[in-house]
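To keep things clear, I will list the structure first and then write my remarks on it.
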Amino acid sequence: MATSSETISETAAIPARKKAHGEDYFTYVEGVGSIPRDIYKYVKSDPLGDLPRYSVHIVIQHLLIFITFMFLVTTGLPIYFSDVFWAPAAISFFGGIDSARLIHRIAGFTMMFAAAYHVVTIAAGTLRQLLNGQFDYKRTQIPRLKDLYDLIHDLKYFLGIEAHRPKMEKFMYKQKLHYLAIIWGSLVLIAAGSALLFPDIMAKIIPGTLGKILPEGAIGAESYSAFFQSLARLMHADEAVMALIVVAFWHWSNVHLVPGRFPMQWTFLTGKITREHQIEEHFLEYLNNLREIPEEREYMRNLLAELRLDASPAKPSPDRQTSAAQPEESGSEDSP
Amino acid sequence: MCHRHRLAGRIDENGKRWNYNIDEAIYNHSVHRNIECRDCHSYITKIPHEPVTDVINCANQCHIKPPFAQQNFSHQKIVDLYNQSAHGITASDPEILKQAKPYCKFCHSNPLYTKISEERVSFAETLARCLNCHPESGVTQAYMHMTHRLRKRTSRSSREIVELCAKCHQDVALMKKLKVSATAQDAVDTYNQSIHGKLVRLGSEKAANCVNCHASSGLHDIYKKDDARGTIYKENLMKTCQQCHARPTEWFVGIAVHPTAKHRDSPLVFFMSIFLRLSLYGAVLTMVGLMLFETYGRRREGVKLVLKKGTSWHGQSKTGPPKEK
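First to last, the protein sequences are chains A and B.
First residue of the first sequence: 1, per the numbering used here; consecutive thereafter.
First residue of the second sequence: 1001, per the numbering used here; consecutive thereafter.
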């Protein structure tokens, strides 16, 4: 869109879609103009990130969790799958079983520290926002019914039924799902891990308490202690394997392999998100950014002016329509 | 004398080869290095000897007199203990069981022990093992500086002990033939699934092996779990667990050391494991499927793999109007 001739065809295309997809297509922002929903295809983005997303605390927490997760997985898996051929090699890499167990525990406690640090960060941030009257639950990880509608909307978009992606908040449905899964997984792993590390203490707490409440033999012939220890053994390993598979095949794909993120999404180091990503998947958060960041307002106003969308969208004329349609036919051949 | 010769041996009627060679260099480093052949092979009265039909008896007295002892040394004490244990042969045993039960030589092959741990074993623990055979008098003078093998653990590693017991106990067909209980039939498998078993398999000396729980310091007094003398008898469990776990409670000793996730023994854990496995597959397939579907949808709208020149939307949308480059 550097030359003026391209800008003209661009201008022609966008209002044409407005008619096709209804009024929802434009979002009017005071002092900026009407922003089309697919503006993310036209903005300039820095791969390192343009807009704030995570504070430095969250970045540190992510790094802590990332490093400890690696140690936990590499020491934990060979213990659980102790009969596979690579298990002894992995264990001797860490200097024998005793030091591997020690590393696993240190990493576990460090991860628990990171989790506690995260809770403190979130609590303090929420408190500050509440005191300033800025708290908006829509910008948090709290699940809403809208997330379900967003998911359905998004699936329709991927199918080609809907024209645009849903307007989503700072955290979209899949991030909220993952966050809830992490909360659940952490609680299970901490509880079950404590039962494996301190079987004598935990046996007194959990089956010791439940055994007094529940009648004898409510779970069959097994004793409560045996049941809960077996459960801990099962859950600790199963949750860990699930976490590993989800991280390896889903999380890493999402931040490394998905188009637009390859080879790496830098958010986890810089704490910033790219402009196109923010507008595409977190449009409502982008509107917040526009409100809060004057430079971003400036950028978007200039972009809209460049695209001639600032005041009144130009009416598409027939000859411009055809000139715009021509490159599509030649261009679509190289797209898969 | 004769057995020093390398090729001493014979081929018996069935074609099996027997090697009668004894390598002095090895024997002189074994635990029985100070014992003469005749002390154990007492039925040999003349050289060259008659074909051997008897087996050795470890309860024999050998011509070694331990310090402060009145009698020649003998393994009699431990043999008596062993004969009372679950492995001891009783008159009421069926013939098949009598043959299956191991005797001294099954486990003790006069091996060359290697040091398995640099840690010194506490004196009390060493003493407890000394007293299995030796009288207590003169212990402090004589044994404290002599029992190197016991102070530094030079014996079978935990892993080797499990392998030794598994020789018979993992043989499910044999165990079924001997009519042992269903729990005992897969005791080795369930142990290997426990945290003790896993750690021992990976070389841990801290985790409990078979003998740690099933025998006292006497090592040979293995009893069935309904025998009040046994370490795994219900009343004795607390003391047994306490060897490693500092604060056992009645709830703690209820934990299954041989855990099983089989339907028969613990249906709840069994169904839980199936449920967890299904939810694992469900979650992963759903999430990865959603990601692939999302990528398909976004690719169609013109997104490209790499963010370059400020945008990753280089491509052409297939549904919407064209986008200029």
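Note that CB positions come from ideal geometry on N, CA and C, so glycine has one too.
Looking from the CA of Arg261 (chain A), the closest CA among B:Leu1127, B:Gly1254, B:Asn1028 and B:Thr1311 belongs to B:Thr1311. Straight-line spacing of the CA atoms in Pro1102 (chain B) and Gln1242 (chain B) works out to 29 Å. Distance between Asn302 (chain A) and Ile39 (chain A), taken at the CA atoms: about 13 Å. In its chain, beyond the 5 residues on either side, Glu239, Met242 and Ala243 have a beta carbon closer than 8 Å to the beta carbon of Gly185 (chain A). Residue-level contact by beta carbon fails for Ala1166 (chain B) and chain A, as no gap is shorter than 8 Å.
The CB of Phe1293 (chain B) comes closer than 8 Å to the CB of Leu155 and Phe158 in chain A, given here in chain order. The C-alpha of Thr140 (chain A) lies about 7 Å from the C-alpha of Lys170 (chain A). Cβ neighbours of Ala1166 (chain B) within its own chain (closer than 7 Å, five residues either side excluded): Val1188.
Under the criterion of beta carbons closer than 8 Å, Leu189 (chain A) and His236 (chain A) qualify as touching, at roughly 6 Å. Chain B has a Cβ within less than 8 Å of the Cβ of Val241 (chain A). A contact is defined here as three or more CB-CB pairs under 8 Å, and the region 148 to 155 of chain A fails this definition with respect to the region 71 to 90 of chain A. Counting only residues of its own chain and dropping the five nearest sequence neighbours on each side, Thr1190 (chain B) has a CB closer than 7 Å to the CB of His1258, Pro1259 and Thr1260. Only residues of its own chain outside the window of five on either side were considered, and among them Ile206 and Pro207 have a CB closer than 6 Å to the CB of Phe228 (chain A), listed in chain order.
Taking a cut-off of 8 Å on C-beta distances, the region 80 to 98 of chain A touches the region 1190 to 1202 of chain B, as three or more cross pairs fall below it. Taking C-beta separations shorter than 6 Å and ignoring five residues to either side along the sequence, the partners of Asp1221 (chain B) in its chain run Leu1081, Ser1085 and Ala1215, following chain order. Put simply, the CB of Leu1202 (chain B) is near chain A, with a gap under 8 Å to one of its CB atoms.
In the structure shown, Tyr1020 (chain B) adopts coil according to DSSP, grouped into three states. In the three-state reduction of the DSSP assignment, Phe283 (chain A) falls in the helix class, which pools H, G and I. Nearest in C-alpha terms to Val1052 (chain B), of all of B:His1041, B:Asn1060 and B:Cys1062, is B:His1041. Any Cβ of chain A closer than 8 Å to the Cβ of Arg1298 (chain B) would place that residue at the interface, and such an atom is present. Three or more beta-carbon pairs separated by less than 8 Å are not found between the region 112 to 129 of chain A and the region 1226 to 1237 of chain B, which leaves the two stretches without contact. Contact annotation: in the region 187 to 212 of chain A, residues whose CB is within less than 8 Å of a CB in chain B are Leu196, Pro199, Asp200, Ile201, Ala203, Lys204, Pro207, Gly208 and Gly211. Annotation for Ile1011 (chain B): the continuous beta strand (DSSP E) segment containing it runs Gly1009 to Ile1011. Residue contact with chain A for Pro1048 (chain B): absent (no Cβ-Cβ distance below 8 Å to any residue of chain A). At a cut-off of 4 residues, the continuous stretches assigned as alpha helix (DSSP H) that sit fully inside the region 1215 to 1302 of chain B are 1237 to 1242 and 1267 to 1300.
For Lys272 (chain A), the beta-bridge partners assigned by DSSP are A:Pro52. For Ser34 (chain A), the uninterrupted beta strand (DSSP E) run begins and ends at Gly33 to Pro36, by DSSP. The beta-carbon separation of Gly1297 (chain B) and Ser1317 (chain B), rounded to 11 Å, does not stay under the 8 Å limit for a contact. With its beta carbon less than 8 Å from one in chain A, His1245 (chain B) belongs to the interface. In this structure, Arg297 (chain A) places its C-beta atom within 8 Å of the C-beta atom of Gly31 (chain A). Following the DSSP letters along the chain, one finds Phe171 (chain A) in no alpha helix (DSSP H), marked with neither H nor E. Under the 8 Å criterion on CB atoms, Trp1251 (chain B) is classed as interfacial with respect to chain A. Each residue's CA atom was taken as its position, placing His1063 (chain B) and Asn1072 (chain B) some 6 Å apart.
A direct Cα-to-Cα measurement between Arg1038 (chain B) and Cys1104 (chain B) gives close to 18 Å. Under the three-state reduction of DSSP output, Tyr28 (chain A) falls in the strand class. In the structure shown, the three-state DSSP call for Lys1176 (chain B) is helix.
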